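Written below as C-alpha cells is the structure these notes are about.
In our numbering, the protein residues as written are 12 to 158.
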C-alpha cells in the first residue's frame, strides 16, 4: 500500500495541471515588468518636475528676502551696496557705515546651490539686479531668474 501512495503522490507532482498552477509564467512576469516600467516612465517625470518647481519657488523667495535686506541696507546707510561689496555687505560691515546693521545671518544660495549674482547699478531702470542663473548655472537662457 505504501508504494501505491508514493506512486500517486509522484504522479500528482508531475501532473501538467498542478505544475502550471504552482507559479507565474514567464509571460505573466514580463507583463508585470512592462506595466511597472510604463508607470515609472509616467510618474518619475512628474516628481522631477515638482522638484524643479520647488527650486524655482525657493529661489524666488530667496530673491525676495534679499531684496528686503537690500532695502533696509539702503534705508539705514543712504545707498545700496556696490557691486564690489556685493551681497556680503548684508552680512559683514563694509567700510565705515555708522548706521549699518547685520541684515542677514548668511547670504543664501539659489535653489540649485549656486550663489546669487548682485549688480549695482541694475539694468532696465532698476536700482540693482539679483540674478540666479537657474538650473544650468550659466548666464543667459530662459531659466535665469532675477528680481
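Think of the CB as a built atom: it goes at the ideal place given N, C-alpha and C, for glycine as much as any other residue.
Since this is a predicted model, take the numbers as computed values, not measurements.
Sequence-distant residues of the same chain with beta carbon closer than 7 Å to residue 111, five excluded per side: 87, 88 and 104
Neighbourhood of residue 93 by C-beta, 7 Å cutoff - its chain only, sequence neighbours within 5 removed: 131
Residue 108, DSSP secondary structure in three states: coil
Straight-line Cα distance separating residue 50 from residue 68: 27 Å
Residue closest to residue 145, alpha-carbon to alpha-carbon, out of 79, 127 and 137: 127
Cα-Cα separation between residue 119 and residue 73, rounded to whole angstroms: 7 Å
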